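**Student:** Using our numbering, the letters of the sequence shown correspond one by one to residues 178 to 585.
We put the beta carbon where it would ideally sit given N, CA and C, even for glycine.
All values derive from a computational prediction rather than experimental measurement.
The structure's right below; bear with me while I get my questions together.
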Amino acid sequence: MNIEEIRKQFPILHQEVNGHPLVYLDSAATSQKPRSVIEAVKRYYEYDNSNVHRGVHTLGSRATDAYEGARARVAEFIGSPSPEQIIFTRGTTSALNLVASGYAPSVLEEGDEIVITPMEHHSNLIPWQQAAKRSGAVLKYIPLQPDGSISLEDVEKTITDRTKIVSVMYVSNVLGVINPIKEITEIAHRSGAVMVVDGAQSTPHMKIDVQALDCDFYALSGHKMCGPTGIGALYGRKSLLENMEPIEFGGEMIDFVDLQDSTWKDIPWRFEAGTPIIAGAIGLAAAIDFLEEIGLDNIDRHEKELAAYAYGKLSEIDGITIYGPREGRVGLITFNLDDVHPHDVATALDSEGIAVRAGHHCCQPLMRWLDVSATARASFYLYNTEQDVDALAASLLRTKEFFGHAIG
Ligand code: 7TS
Numbered sequence: 178m179n180i181e182e183i184r185k186q187f188p189i190l191h192q193e194v195n196g197h198p199l200v201y202l203d204s205a206a207t208s209q210k211p212r213s214v215i216e217a218v219k220r221y222y223e224y225d226n227s228n229v230h231r232g233v234h235t236l237g238s239r240a241t242d243a244y245e246g247a248r249a250r251v252a253e254f255i256g257s258p259s260p261e262q263i264i265f266t267r268g269t270t271s272a273l274n275l276v277a278s279g280y281a282p283s284v285l286e287e288g289d290e291i292v293i294t295p296m297e298h299h300s301n302l303i304p305w306q307q308a309a310k311r312s313g314a315v316l317k318y319i320p321l322q323p324d325g326s327i328s329l330e331d332v333e334k335t336i337t338d339r340t341k342i343v344s345v346m347y348v349s350n351v352l353g354v355i356n357p358i359k360e361i362t363e364i365a366h367r368s369g370a371v372m373v374v375d376g377a378q379s380t381p382h383m384k385i386d387v388q389a390l391d392c393d394f395y396a397l398s399g400h401k402m403c404g405p406t407g408i409g410a411l412y413g414r415k416s417l418l419e420n421m422e423p424i425e426f427g428g429e430m431i432d433f434v435d436l437q438d439s440t441w442k443d444i445p446w447r448f449e450a451g452t453p454i455i456a457g458a459i460g461l462a463a464a465i466d467f468l469e470e471i472g473l474d475n476i477d478r479h480e481k482e483l484a485a486y487a488y489g490k491l492s493e494i495d496g497i498t499i500y501g502p503r504e505g506r507v508g509l510i511t512f513n514l515d516d517v518h519p520h521d522v523a524t525a526l527d528s529e530g531i532a533v534r535a536g537h538h539c540c541q542p543l544m545r546w547l548d549v550s551a552t553a554r555a556s557f558y559l560y561n562t563e564q565d566v567d568a569l570a571a572s573l574l575r576t577k578e579f580f581g582h583a584i585g
């Protein structure tokens, strides 16, 4: 991978922030966009903009072809057997809400179990809390090991014959840990439960094959994988999607409408009420082209090398705590500096042009498990370099010194 060549394709990276060259280390929140994605969206609006699935005119056909072509591109990218099994959504959050509100009520009865983990992002936690409250099901948690990983023994112990749904993130946006999804899926299926995967942090960074994972639902967000905001997707097993209820109703999703009753279109369109996210889908397809051209395996390797380098470099800083396991992690480092609030860390770094996130990262139960109220987090992507890590480490040392003197 030629990182300098890759960086040239991201216009936003070439600017100064607060008088320093921008070092963008917040890709887990949202990634930057390459020129090809920006151009694809621009080209659509300049030449093909039209609504889909209705017009017989030329622009309408072009827009429909591009939108449905994007669906086929996503299907191919994650190994879905067919494009109909891909539903476009606003992102991971709305994909998971669709499963929790459209699918879960048809299988959950009082006393049934939904199994998740304490490391879940709120978007893979609150929809299940709501589904449990509505159905009288119990929300159970697979406990975490001291380093934040999951043991399959605990998975076996937590999932029972009453478990109907298991929903786990593939990669943690805080701990950086890669969860053993294939193995968890196997255990879930043995108990007759359906496996849902939150793929928000895995899809951008590693090759995904939903058939090899054998999961039943898989959610992803376009904006974390070089695509535009406002587009994501839900993959579902065909037999499950065919029995899932839509949760939004209106134009585009119907077959026949009468005064008192209506019927729905086939999957996936019955789940896409209203004018869909056409430009977003087209941008997402361009992002997939971009990522595949570089190669997911190359991206994965680059980030793991960078994560190992960053872990080594940052762990040398006196008074730093790094969360999550050292091995088996993706390119993000969540940390705290003794006696400095993470928001102060992020503000100090920003004053030197370095963008990191501070806060609870939409994982309040995990923050309580870690016994902190917040952390700082540096997250890397294909355009980050060892120099970015060096800049982070140097700036953290200056931050520590500044606050040390301030406190002293
Ligand atoms: N699941 C995980 C694991 C995530 O990291 C996020 C977003 C979501 C779901 C929600 O995705 P959305 O696209 O629907 O918003 N995570 C983060 C983050 O770590 N910082 O900002 C957003």
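Compute the minimum distance between the beta carbon of residue 400 and the heavy atoms of the ligand 7TS, and state whether it is under 7 angstroms.
**Tutor:** Numbered from 1 along the sequence shown, position 223 holds the residue referred to as residue 400. For the ligand 7TS, at least one heavy atom lies less than 7 angstroms from the Cβ of residue 400.
**Student:** Measuring CB atoms only, is the segment 504-519 touching the segment 212-228, in the sense that at least three cross pairs come out at less than 8 angstroms?
**Tutor:** They do not touch, by the three-pair rule.
**Student:** Taking 8 angstroms as the limit between beta carbons, can you name the residues of its chain near residue 519, skipping five residues before and five after?
**Tutor:** As a position in the sequence shown, residue 519 is number 342, starting the count at 1. These residues qualify, in order along the chain: 513, 535, 536, 551, 552 and 553.
**Student:** Would a C-beta distance cut-off of 8 angstroms place residue 502 and residue 326 closer than the cut-off?
**Tutor:** By one-based count along the sequence shown, residue 502 stands at place 325. By one-based count along the sequence shown, residue 326 stands at place 149. Cβ distance < 8 angstroms, so residue 502 and residue 326 count as in contact.
**Student:** To the nearest angstrom, report how far apart residue 118 and residue 558 are at their CA atoms.
**Tutor:** Any answer about residue 118 is impossible in this case: the structure gives the chain only from 178 up to 585.
**Student:** When the Cα of residue 267 is compared with those of 234, 285, 292 and 451, which residue comes out closest?
**Tutor:** Residue mapping note: residue 267 aligns to position 90 of the sequence shown, counting from 1. Among 234, 285, 292 and 451, the Cα nearest to that of residue 267 is on 451.
**Student:** Suppose contacts are defined by Cβ-Cβ distances below 8 angstroms. Is residue 445 in contact with residue 290 by that definition?
**Tutor:** For the purposes of this step, residue 445 is identified with residue 268 of the sequence shown, where counting begins at 1. For the purposes of this step, residue 290 is identified with residue 113 of the sequence shown, where counting begins at 1. Taking 8 angstroms as the Cβ cut-off, residue 445 and residue 290 do not qualify as a contacting pair.
**Student:** Quick one: what does DSSP say residue 264 is sitting in, helix, strand or coil?
**Tutor:** To locate residue 264, count along the sequence shown from 1; it is residue 87. Strand.
**Student:** Closer than 5 angstroms from C-beta to any heavy atom of the ligand 7TS: which residues, in chain order?
**Tutor:** Every residue passing the under-5 angstroms Cβ criterion appears here: 205, 206, 268, 269, 270, 298, 300, 346, 350, 375, 377, 378, 398 and 538.
**Student:** With DSSP as the reference, identify every bridge partner of residue 317, one or two as the case may be.
**Tutor:** As a position in the sequence shown, residue 317 is number 140, starting the count at 1. BP columns for residue 317 point to 292.
**Student:** Which term fits residue 481, buried or exposed, when burial requires 16 or more other beta carbons within 10 angstroms of its beta carbon?
**Tutor:** Here residue 481 is taken as the residue at index 304 of the sequence shown, counted from 1. The residue is buried, with at least 16 neighbouring Cβ atoms inside 10 Å.
**Student:** Return the Cβ separation of residue 145 and residue 371 in integer angstroms, given the expectation that the two are a contact with Cβ distance under 8 angstroms.
**Tutor:** Here the chain comprises residues numbered 178 to 585, so residue 145 is not present and cannot be evaluated.
**Student:** Could you tell me the distance, in whole angstroms, from the CA atom of residue 543 to the CA atom of residue 296?
**Tutor:** Along the sequence shown, read from residue 1 onward, the residue named residue 543 stands at position 366. Along the sequence shown, read from residue 1 onward, the residue named residue 296 stands at position 119. For residue 543 and residue 296, the distance between alpha carbons rounds to 5 angstroms.
**Student:** Over what stretch of residues does the alpha helix (DSSP H) that includes residue 625 continue unbroken?
**Tutor:** Any answer about residue 625 is impossible in this case: the structure gives the chain only from 178 up to 585.
**Student:** Can you tell me which of 430, 306, 246 and 357 puts its alpha carbon nearest to the alpha carbon of residue 330?
**Tutor:** In the sequence shown, residue 330 corresponds to position 153, counting from 1. For the residues 430, 306, 246 and 357, the minimum Cα distance to residue 330 belongs to 357.
**Student:** Does the segment 357-367 come close enough to the segment 245-263 that 3 or more CB-CB pairs lie under 8 angstroms?
**Tutor:** no
**Student:** Where does residue 449 land, buried or exposed, given buried means 16+ other C-beta within 10 angstroms?
**Tutor:** As a first step, residue 449 must be located in the sequence shown, where it is residue number 272. It counts as buried.
**Student:** Helix or strand or just coil, what does DSSP make of residue 324?
**Tutor:** Position 147 of the sequence shown, counting from 1, holds the residue named residue 324. Taken through DSSP and simplified to helix, strand or coil, residue 324 comes out as coil.
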